[in-house]
Amino acid sequence: MLDSLRSIIPSSQILSKKDDLTYYTKDFSYAPSVFPKAVVFAEKSNDVGIVLKWANANKIPVTVRGAGTGKSGGSIPLPNGIVLSMERMTTIKEIDTKNKMVVTEPGVILKDLQAKCLKEELWIPLDPSSLDKCTIGGMVTENAGGPRALKYGVTGDYVYGMQGFFGDGSPFKFGGKLYKDVAGYDLKRLLIGSEGTLGVLTEITLKCILPVKEEIGIWLTFETLEDGVSFVREIARSNVQPATAEFMQKECIEAVANHCNLHGDWGDENSHVFITLDGNNKSDLLEQAQKITANQANLSNVIIANDTETLEKLWKIRREISESLSGVSKHKVSEDITVPPHAISEFMSKLSDLDKGSLYSFIGYGHLGDGNIHVNILNTSQDEVNWEKDFPKLIDEVMTLCLSCGGTPTGEHGIGLTKKSYVTAFFQTHEIDLMKKIKKLFDPSNILNPNKIF
Ligand SMILES: Cc1cc2nc3c(=O)[nH]c(=O)nc-3n(C[C@H](O)[C@H](O)[C@H](O)COP(=O)(O)OP(=O)(O)OC[C@H]3O[C@@H](n4cnc5c(N)ncnc54)[C@H](O)[C@@H]3O)c2cc1C
-4 MLDSLRSIIP
6 SSQILSKKDD
16 LTYYTKDFSY
26 APSVFPKAVV
36 FAEKSNDVGI
46 VLKWANANKI
56 PVTVRGAGTG
66 KSGGSIPLPN
76 GIVLSMERMT
86 TIKEIDTKNK
96 MVVTEPGVIL
106 KDLQAKCLKE
116 ELWIPLDPSS
126 LDKCTIGGMV
136 TENAGGPRAL
146 KYGVTGDYVY
156 GMQGFFGDGS
166 PFKFGGKLYK
176 DVAGYDLKRL
186 LIGSEGTLGV
196 LTEITLKCIL
206 PVKEEIGIWL
216 TFETLEDGVS
226 FVREIARSNV
236 QPATAEFMQK
246 ECIEAVANHC
256 NLHGDWGDEN
266 SHVFITLDGN
276 NKSDLLEQAQ
286 KITANQANLS
296 NVIIANDTET
306 LEKLWKIRRE
316 ISESLSGVSK
326 HKVSEDITVP
336 PHAISEFMSK
346 LSDLDKGSLY
356 SFIGYGHLGD
366 GNIHVNILNT
376 SQDEVNWEKD
386 FPKLIDEVMT
396 LCLSCGGTPT
406 GEHGIGLTKK
416 SYVTAFFQTH
426 EIDLMKKIKK
436 LFDPSNILNP
446 NKIF
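Numbering-wise (the working numbering), the sequence shown opens with residue -4 and increments by one.
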């Protein structure tokens, strides 16, 4: 296999020694590592077509990889397959200020792309917490979001054009620098969020917006989560549009305090809400902050951060939660379910009912405005053998609860490998069959990430 691979792609673009492959065996999920036969680095668009044609002829599974920061096992290869890494395709082809679009190769890291665009007074307001590592290609195929999705939407909302290759190695080009385009079926929407199963993206055209100049933060504490939820619901009905509205249980804040020694000037309330407002005029933002916090009977404490240092500190506390929960427990798995916003309180109250005494606890935090909750299952005192046996059943309980609240098993991270077993609970058989038929049309030989989603 390696000899025939070397006959189509230069050796400098191939890794095959076991030590060199280790990095490509896993992502950030709990799915087990798998060694591929080789890693191939695409350096230009044509390489992708050549590799896919070769893989079809030889029936070799191909797992495309960006930065491997995925949290559902999407970039974990098959043992008889290869990894097709996009990390060397990092050219930003054009920053088009006239049309407010950027055309880029898929291996560019979001943070780098944002920095280059900002120099031209253009902004891509996407903010997954992995933004300093994840690639734009991985973001499109996971349809990644982040806290700012509340105001600015998710990755797919910015994708106006794409080029790449279907599973059989034939090229495609959909959309472009077109703000309106309803010609034919919108196949780029199918590729967005397709988790590397329908095609390989080699060029992406993204819409940009003008950057905002000011941001302020408001940290609020409430006695109950329901009070926090109704507060955010009320804002949503006013003419104030927060950029983010995050919520955290007290346990999250305690974990950050213990793990990172980061503390805030708040009391001992159960429920924390962090809102940011952005725009171009700071006094307008402060006025909005006063307006939404005035006359709130259930509000225990308010911190308004209108300087960069305080704002950074509050963001740091929010961003450190995941790591801190790992730090204060023996093991942790997290899921990113989404429920309709009206069902957040119900979900959260039933989630705490799932706690298993001193063994396992269920902690939720996340995006209050859009119902995307990061559920963390913590092993607080169980031994490793029993934890390994128990945690899949604990995840089942979370998914059953999510389903009963009208939710979806994933709002950001995709199905990949880790949520495959829940697909039949959330979709009907004929719906899954339709998805499988679509997969077959895009990838007739089932070469691309064949073991993912279904
Ligand atoms: C600390 C941390 C924080 C995170 N925070 C967030 C968050 O806030 N919001 C969020 O949505 N996600 C978050 N994630 C998850 C992850 O960062 C995103 O899913 C990201 O979009 C993955 O990008 P990647 O380049 O690492 O892709 P990878 O993990 O390499 O791949 C992800 C999937 O995309 C496919 N793929 C990659 N590139 C291509 C391509 N060019 N063509 C076709 N398919 C391709 C792969 O096959 C795989 O199925 C976080 C992850 C970590 C580790």
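Idealized CB from N, CA, C, for every residue including glycine.
Per DSSP, which residues does residue i bridge with? Please list them.
| i | result |
| --- | --- |
| residue 118 | 204 |
| residue 159 | 167 and 196 |
| residue 443 | 57 |
| residue 351 | 355 |
| residue 216 | 267 and 296 |
| residue 91 | 96 |
| residue 329 | 371 |
| residue 211 | 272 |
| residue 360 | 243 and 369 |
| residue 380 | Answer is none; residue 380 lacks a bridge partner. |
| residue 80 | 36 and 60 |
May I ask whether a heavy atom of ligand 1 can be found less than 8 Å away from the beta carbon of residue i?
| i | result |
| --- | --- |
| residue 184 | no |
| residue 457 | Missing from the structure shown is residue 457; the chain here goes from -4 to 449 and no further. |
| residue 134 | yes |
| residue 59 | yes |
| residue 444 | yes |
| residue 221 | no |
| residue 408 | yes |
| residue 69 | yes |
| residue 34 | no |
| residue 130 | yes |
| residue 411 | yes |
| residue 123 | yes |
| residue 341 | no |
| residue 137 | yes |
| residue 29 | no |
| residue 141 | yes |
| residue 81 | yes |
| residue 91 | no |
| residue 196 | yes |
| residue 26 | no |
| residue 217 | no |
| residue 317 | yes |
May I have the straight-line CA-CA distance separating residue i from residue j, to the nearest angstrom?
| i | j | result |
| --- | --- | --- |
| residue 244 | residue 258 | 15 Å |
| residue 251 | residue 325 | 16 Å |
| residue 107 | residue 127 | 8 Å |
| residue 80 | residue 170 | 24 Å |
| residue 44 | residue 402 | 38 Å |
| residue 32 | residue 55 | 10 Å |
| residue 275 | residue 209 | 5 Å |
| residue 93 | residue 103 | 22 Å |
| residue 366 | residue 354 | 27 Å |
| residue 288 | residue 219 | 17 Å |
| residue 344 | residue 359 | 10 Å |
| residue 430 | residue 225 | 37 Å |
| residue 133 | residue 47 | 18 Å |
| residue 439 | residue 395 | 34 Å |
| residue 88 | residue 187 | 21 Å |
| residue 363 | residue 342 | 12 Å |
| residue 239 | residue 383 | 35 Å |
| residue 428 | residue 191 | 18 Å |
| residue 327 | residue 14 | 28 Å |
Taking only heavy atoms of ligand 3 into account, decide whether any of them is closer than 8 Å to the Cβ of residue i.
| i | result |
| --- | --- |
| residue 152 | Among the ligands present in this structure, namely ligand 1, ligand 3 is not found. |
Out of the options, point me to the one whose CA is closest to residue i's CA.
| i | options | result |
| --- | --- | --- |
| residue 227 | 270, 187 and 253 | 270 |
| residue 35 | 22, 52, 58 and 24 | 58 |
| residue 77 | 419, 140, 8 and 166 | 8 |
| residue 90 | 241, 110, 378 and 64 | 110 |
| residue 182 | 384, 218 and 436 | 436 |
| residue 449 | 382, 419 and 142 | 419 |
| residue 97 | 49, 131 and 124 | 131 |
| residue 72 | 16, 38 and 118 | 16 |
| residue 74 | 405, 273, 234 and 29 | 29 |
| residue 334 | 430, 421, 19 and -3 | 421 |
| residue 280 | 23, 235 and 177 | 235 |
| residue 330 | 6, 25, -4 and 122 | 25 |
| residue 158 | 164, 197 and 178 | 197 |
| residue 320 | 397, 253 and 20 | 253 |
| residue 163 | 38, 49 and 39 | 49 |
| residue 408 | 67, 148 and 22 | 67 |
| residue 202 | 147, 386, 300 and 315 | 147 |
| residue 406 | 179, 5, 193 and 150 | 150 |
| residue 217 | 135, 261 and 178 | 261 |
| residue 434 | 194, 308 and 423 | 194 |
| residue 267 | 214, 301, 129 and 177 | 214 |
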